[in-house]
Amino acid sequence: MKRFAALFNAIDQSNKTTVKVEALAAYFSDANEDDKLWTIALFSGRRPKRAVTTTRLREWGAEAAGIPLWLFEEAYPIVGDLAETIALVLPANTTTSDLTLSHWINALRALSDVEEPARKTFVLDAWQQLGGTERFLFNKLITGGFRVGISQKLMTRALSKATGKPEPELAHRLMGNWHPDDISWHALIEAEDASADASRPYPFYLAYALEDGPESLDNPDDWRAEWKWDGIRGQLILRDGAYYVWSRGEELMTDRFPELARAIDHIPPGTVLDGELLVWQAEADHPSSFNALQPRIGRKTVPKKLLSEAPVVLHAYDLLEWQGKDMRDTPFGERRALLENALHNLPGDVPVRLSPQLRFDSWSALGDYRDAAREVQAEGVMLKRADSPYLAGRKKGDWWKWKLDPLTIDAVMIYAQAGSGRRANLFTDFTFAVWNGNDLVPFTKAYSGLTDAEFKSITAWVRKNTLQRFGPVRQVTPHHVFEIAFEGIQASSRHKSGVALRFPRMSRWRKDKPLQEANTLADLNEMLRIYG
Amino acid sequence: MTRDPVLRFTDKGIYCPAGDFYIDPWRPVTRALITHGHADHARDGMGSYLATHAALPVMRHRLGDITAEGISFGEIRQIGDAKVSFHPAGHVPGSAQIRIEVAGEVWVASGDYKVIDDGLSEPFEPVQCHHFITESTFGLPVFRWTEQSDVAADLNAWWRGCAAAGKTAFLGAYALGKAQRLMTMLDPDIGPILTHGAVENTNAVLRDQGIPLPETVPVTAELTPKDFSGALVLSPPSALGSKWARRFGPQESAFASGWMALRGVRRRRAGDRGFVISDHADWGGLLWAIRETGAENIYVTHGYTDIFTRYLNENGWNAQVVPTEFEGETLDAGDAA
């Protein structure tokens, strides 16, 4: 664990990506293979099965620290991280340990076979042997979630430095459904044939937002446009007579979309499509709102009723693999032509469709499409350079999203809650209300959009203007008005106000606006009528 | 017959009716007793000030022309019906706890304090009393300081690494107390110690009153950074990463504060590194100090007052929260911590 702790400290103590990549590359060169494999797994969100519940962990931590549980629970939100809180309250370690990261992981996994008293003994014993960062990391192995600012991009860069393999190949190797239980470092990173896994997706290419309109992109003829859908970005993989559905967050979601199995009979194996999963009623000419998709994401198995109420159609806009061949270096225009061919003449009951291209001969014509995006439940338009390859990750230059301006409403802050992690101790999570007569009706929460300095300033204000505390939530004096920006609005029976917003965030702190001039529930309902 | 308590908590600060004076008041009053020179304790506009001889020079430097009188540690002064004396709080040089005795009842207002000897401030001395007013800036069990010598070793290793990489090391710390304490922890063999004007002004005052400090070079407009390769620059946290700092070229920055014990704060505030070093007592230090006073009645101010008070009450003390103007300023004005 010492080597892993040293790596973690090196990464955690620096803001510079070069330093992080250097530290990781050194680790990938000199750590043992099991540790390296687990490190990749941990930093990409894969973790050992939870051996101990967090409830027990809190109890044992408080007990070992000799403090009452309530005191532990009070300290936790201030620290903002459970693993760290435990590491901090425990007395200093009495011995040290030379055991490796993978040893500790295996020991934790073996715990699922023993009774609780033995688990407790093991955990308490580990706490005595591990100090500082090692103890924190041990706890993290149990609670999960290593957020150390190591993106997939940085990890592949470091691996590339350590192994000499090209980054795109490594990015592809790290995708998909692998787990350290079933694969070795050698098989994952070094072996010749890394494509053996039929389910393995390609790294998604992500677009940057176009802030100032497309004029700077020069000639419209070089570009192709599509709707920017508000669904789930997904890859449909058809290989060896089976199908796999991956989300952009690298989650395998095949079971959630059983209707896509129909594609197996009509699209040849060795095909990978990139597109948007959308709920699409047969009689409608546009998708339902994102809200209709929510229940489909929330569950692993889909009841029949939900399948018919919220049928999902993949709107394909790119072809990444065709006839078993990686197509990503082929120019977009050619990929698109092949895609159109592949989806041509599909029977109507196959839930895969071509996402249409928008014909335009000038940027202003494209602007007209963008203005009309809400009418087809789209968020704006996508621009793709006709001769561009399919890159991995977020890259500037070839793909742009030109989104609609968000809807906005001026609302009053009424509750505040501290954030966690990096935002622990700062009030960053707020509830906002609009006027209904003389009452303030809460209608949304928002967490983002302010600068660090603004969060700091509002935090100081919240501390001095707390009316009441409900656990971690503080009711504050209604005083501050914020402009809330959001992408869409829907009727919702789950919310007191009757509406649910899509992507709400604080776009401006309206210090100029008196409390009484914030918007009203009637304003909100009017927006619901127009845009809902 | 009930009589006035020895100390009362008012909207101007802690008031002693028997002596008609305030302790660390935050609004103008006729007579102020000051625990130490930090800005949130020694404010402008008092009719007269009483503080330790060691605390006064900084106060005069900061507050300008004030009517002030010095007192030695342990010296007893009769003010009205109150018998007053100042005792080391270990927070910064000259910082004091103030003991007030009226008709045999003893109260101690501790101001800010830490219980370890930092090698620079007069070390904390527990004072027996019936009523103890304690701060609680770090009154949570997650705060437990490591030995100063261990932090010094980390600090010097970081500086050495910066120097070896051809970078200037910027260390942010409060200009009064923390900065000087850090100076004494630094290994002068690594390179020169440069200082921001705010730090150097305080250095000058402390040197004048006979406190020995390591040699420092003030950063002036004329100073040529490349003449000082391998240097460490001590500055207020606000100067880190500023235009003023950037002219030194390649650099790393660090911040020294008790808050650096929390990873979230460290990531938000620290630049490259955070060193956990505080002029306040940690959880264990607060409890030790409270126990040593023998006091039954504890008044908790500045910090995690609610939580700390509840803990004390569950453990046999009679504790209450002192409402102050500045509740919860802790983390965000906490550069001094």
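Protein chains in written order, with UniProt numbering: chain U, 1 to 532; chain V, 1 to 337. We put the beta carbon where it would ideally sit given N, CA and C, even for glycine.
Asked	Found
CB-CB length for Tyr-243 of chain U against Ala-261 of chain U, believed under 8 angstroms	6 angstroms
Rounded separation between Lys-401 of chain U and Asp-212 of chain U - CA only	11 angstroms
Contact check, Ser-121 of chain V vs Val-92 of chain V, beta carbons under 7 angstroms	yes
Interface positions of the region 250-273 of chain V facing chain U (Cβ-Cβ less than 8 angstroms), listed along the chain	Ala-261, Leu-262, Arg-263, Gly-264, Val-265, Arg-267, Arg-268, Gly-271, Asp-272, Arg-273
Cutoff 7 angstroms: Leu-155 of chain V Cβ touching any chain U Cβ	no
Glu-101 of chain V, buried or exposed, once every other Cβ within 10 Å from all chains shown has been counted against 16	buried
N- and C-terminal bounds of the beta strand (DSSP E) containing Lys-36 of chain U	Premise fails: Lys-36 of chain U lies in the alpha helix (DSSP H), 33-43, not in any beta strand (DSSP E).
Reduced DSSP secondary structure (H/G/I, E/B, other) of Leu-173 of chain V	In the sequence under discussion, the amino acid at residue 173 of chain V is Ala, which differs from the Leu named in the question. Coil, per DSSP.
Buried versus exposed call for Val-313 of chain U [16 or more other C-beta atoms within 10 Å across all chains shown]	buried
Interface flag, Leu-140 of chain V vs chain U, CB-CB below 7 angstroms	yes
Those residues which DSSP pairs with Pro-442 of chain U across a bridge	U:Ala-433
C-beta atoms of Arg-328 of chain U and Leu-320 of chain U nearer than 7 angstroms	yes
Proximity of Gly-234 of chain U and Leu-277 of chain U at Cβ, strictly below 7 angstroms	yes
Straight-line gap, Asp-113 of chain U to Arg-56 of chain U (C-alpha atoms, nearest Å)	17 angstroms
For Cys-129 of chain V, the first and last residue of its enclosing beta strand (DSSP E)	Neither: Cys-129 of chain V is in no beta strand (DSSP E) and is coded neither H nor E.
Backbone CA spacing between Arg-529 of chain U and Gln-357 of chain U [nearest angstrom]	29 angstroms
Short Cβ contact (7 angstroms threshold) for Gly-294 of chain V with Gln-128 of chain V	yes
Three-pair Cβ contact test at 8 angstroms for the region 361-375 of chain U versus the region 133-143 of chain U	no
Boundaries (first-last residue) of the beta strand (DSSP E) holding Phe-470 of chain U	466-470
Identity of the residues DSSP links to Gln-417 of chain U by a beta bridge	U:Asp-429, U:Val-473
Pick from U:Gln-281, U:Arg-200, U:Glu-226 that is closest to Met-253 of chain U, judged by C-alpha positions	U:Arg-200
C-beta contact flag for Val-412 of chain U and Val-499 of chain U at 7 angstroms	no
Chain-ordered residues of the region 281-313 of chain V with a beta carbon less than 7 angstroms from chain U	Ile-307, Tyr-311
Where Ala-39 of chain V falls: helix, strand or coil (DSSP)	coil
Beta strand (DSSP E) segment containing Leu-320 of chain U, residue limits	312-322
Limits of the beta strand (DSSP E) - the one that Met-506 of chain U falls within	505-509
Residue-chain proximity (Arg-494 of chain U, chain V), Cβ-Cβ < 7 angstroms	no
Neighbourhood of Glu-517 of chain U by C-beta, 8 angstroms cutoff - its chain only, sequence neighbours within 5 removed	Asp-410, Val-481
Beta carbon proximity, Ile-142 of chain U to chain V, threshold 7 angstroms	no
Buried or exposed (CB count within 10 angstroms, at least 16 for buried), Ser-110 of chain V	buried
Classification of Lys-304 of chain U by the beta-carbon crowding that lies within 10 angstroms, buried from 16 upward	exposed
Closer than 7 angstroms to chain V by CB, Glu-74 of chain U	yes
Of the residues U:Asn-93, U:Met-175, U:Val-376, the one placed nearest Ala-64 of chain U, counting alpha carbons only	U:Asn-93
Reduced DSSP category for Lys-2 of chain U - H, G, I as helix; E, B as strand; rest coil	helix
Burial state of Arg-207 of chain V (16 or more Cβ within 10 Å)	exposed
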